[in-house]
Amino acid sequence: GAGVSQSPSNKVTEKGKDVELRCDPISGHTALYWYRQSLGQGLEFLIYFQGNSAPDKSGLPSDRFSAERTGGSVSTLTIQRTQQEDSAVYLCASSLYHGGEQYFGPGTRLTVT
Amino acid sequence: EDQVTQSPEALRLQEGESSSLNCSYTVSGLRGLFWYRQDPGKGPEFLFTLYSAGEEKEKERLKATLTKKESFLHITAPKPEDSATYLCAVQGGNYGGSQGNLIFGKGTKLSVKP
Chain A
1 GAGVSQSPSN KVTEKGKDVE LRCDPISGHT ALYWYRQSLG QGLEFLIYFQ GNSAPDKSGL
61 PSDRFSAERT GGSVSTLTIQ RTQQEDSAVY LCASSLYHGG EQYFGPGTRL TVT
Chain B
1 EDQVTQSPEA LRLQEGESSS LNCSYTVSGL RGLFWYRQDP GKGPEFLFTL YSAGEEKEKE
61 RLKATLTKKE SFLHITAPKP EDSATYLCAV QGGNYGGSQG NLIFGKGTKL SVKP
């Protein structure tokens, strides 16, 4: 069956611009997660959704980061006024229920110049 | 604070040379320990979940074990296609208000030479 998909696969943007990253979870998975992976660092939790609500936004690094999920399915992560330190791979994962095994997408590599 | 430490950071093996990767953890109320494999340019691929000390799981040349303080990923007679970064993550029951979220280690990069 179809796995988690993310788009775009690569994004190069200029400092100060806004970007939107998209995640399509596995059909039927109620929980959706966003992570960030920087070179040499582990996966950093950003936010998770249960259905359309986000009970835990504790990992968002600043108020420039926001995310939404609609229809209990697709999610977008928006970064406003991008900075060079935002350059990383952004990974999305979904699970059948919160606390279950998470299945990851291929990621979006964001480069801020 | 919940924490996961993986060692070694990198491991080079000859094909057929068995070894083990270590994942040490500190967590309030372990709900699960997860192993993932990540190939370059790809997202992590789920391998195993372990829930309680003494539990073991196997898949092909990989076997994961769990104690109260650490987990091992044993690789028996590895092949070049086993080369990847192996990630360990824990799921705590009392991690602030974030029950169910995974806390990842930085991974062990495994290279298997033919």
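Keeping their order, the protein sequence lines are chains A and B. The first sequence maps to residues 1 to 113 in the working numbering. The second sequence maps to residues 1 to 114 in the working numbering. C-beta atoms are modelled at their ideal positions from N, C-alpha and C, and glycine is treated no differently.
Where residue i falls, given that 16 or more other Cβ within 10 Å makes a residue buried
i, result
"A89 (chain B)", "buried"
"R36 (chain A)", "buried"
"Y33 (chain A)", "buried"
"T67 (chain B)", "exposed"
"L43 (chain A)", "buried"
"D86 (chain A)", "buried"
"L21 (chain A)", "buried"
"Q41 (chain A)", "exposed"
"R12 (chain B)", "exposed"
"Y51 (chain B)", "exposed"
"Y97 (chain A)", "exposed"
Residue i: first and last residue of the uninterrupted beta strand (DSSP E) it sits in
i, result
"I79 (chain A)", "75-79"
"A93 (chain A)", "88-95"
"Q6 (chain A)", "5-7"
"S7 (chain B)", "3-7"
"G92 (chain B)", "84-92"
"S28 (chain B)", "Note, S28 (chain B): premise wrong, no beta strand (DSSP E); not H, not E."
"K79 (chain B)", "Careful: K79 (chain B) lies outside any beta strand (DSSP E) and carries neither H nor E."
"K63 (chain B)", "62-66"
Beta-carbon proximity list for residue i, same chain, < 7 angstroms, skipping 5 on both sides
i, result
"V4 (chain B)", "C23, Y25, C88, A89, V90, I103, F104, G105"
"S73 (chain B)", "For clarity, residue 73 (chain B) is Leu in the given sequence; the question names Ser instead. S20, L21, W35, L62, A64, Y86."
"Q14 (chain B)", "K113"
"V112 (chain A)", "T13, K15, T82, Q83, Q84, D86, S87"
Other residues of its chain near residue i: CB distance less than 8 angstroms, five sequence neighbours each side excluded
i, result
"G72 (chain A)", "T30, G51, N52"
"Y103 (chain A)", "G3, V4, I26, H29, A93, S94, S95"
Own chain, CB closer than 6 angstroms to residue i, minus 5 neighbours either side, in chain order
i, result
"K57 (chain B)", "F48, A64"
"G97 (chain B)", "Interpretation of G97 (chain B) is limited by its pLDDT of 45, a score under 50 that renders its predicted location unreliable; no figure is taken from the coordinates."
"K109 (chain B)", "A10, T85"
"Y95 (chain B)", "In this prediction, Y95 (chain B) has a pLDDT of 45, which is less than 50 and means its spatial position is unreliable; what the coordinates show is noted afterwards. Closer than 6 angstroms at the Cβ level, and outside the excluded window around Y95 (chain B), lie D2."
"S7 (chain B)", "N22"
Validate contact between the region 90-110 of chain A and the region 12-23 of chain B using beta carbons, cut 8 angstroms, 3 pairs: Here the region 90-110 of chain A makes no contact with the region 12-23 of chain B; the two share fewer than three CB pairs at distances below 8 angstroms.
So, does the region 6-14 of chain A touch the region 61-72 of chain A, judging by three or more C-beta pairs under 8 angstroms?
no
Worksheet item: Can you list, in chain order, the stretches of the beta strand (DSSP E) that have 3 or more residues and sit fully within the region 30-59 of chain B?
Response: 30-38, 45-50, 56-59
**Request:** Report yes or no: do three or more beta-carbon pairs, one from the region 17-28 of chain A and one from the region 78-98 of chain A, lie closer than 8 angstroms?
**Result:** Using a Cβ-Cβ distance cut-off of 8 angstroms, the region 17-28 of chain A and the region 78-98 of chain A are in contact, since at least three pairs of beta carbons, one from each stretch, lie closer than that value.
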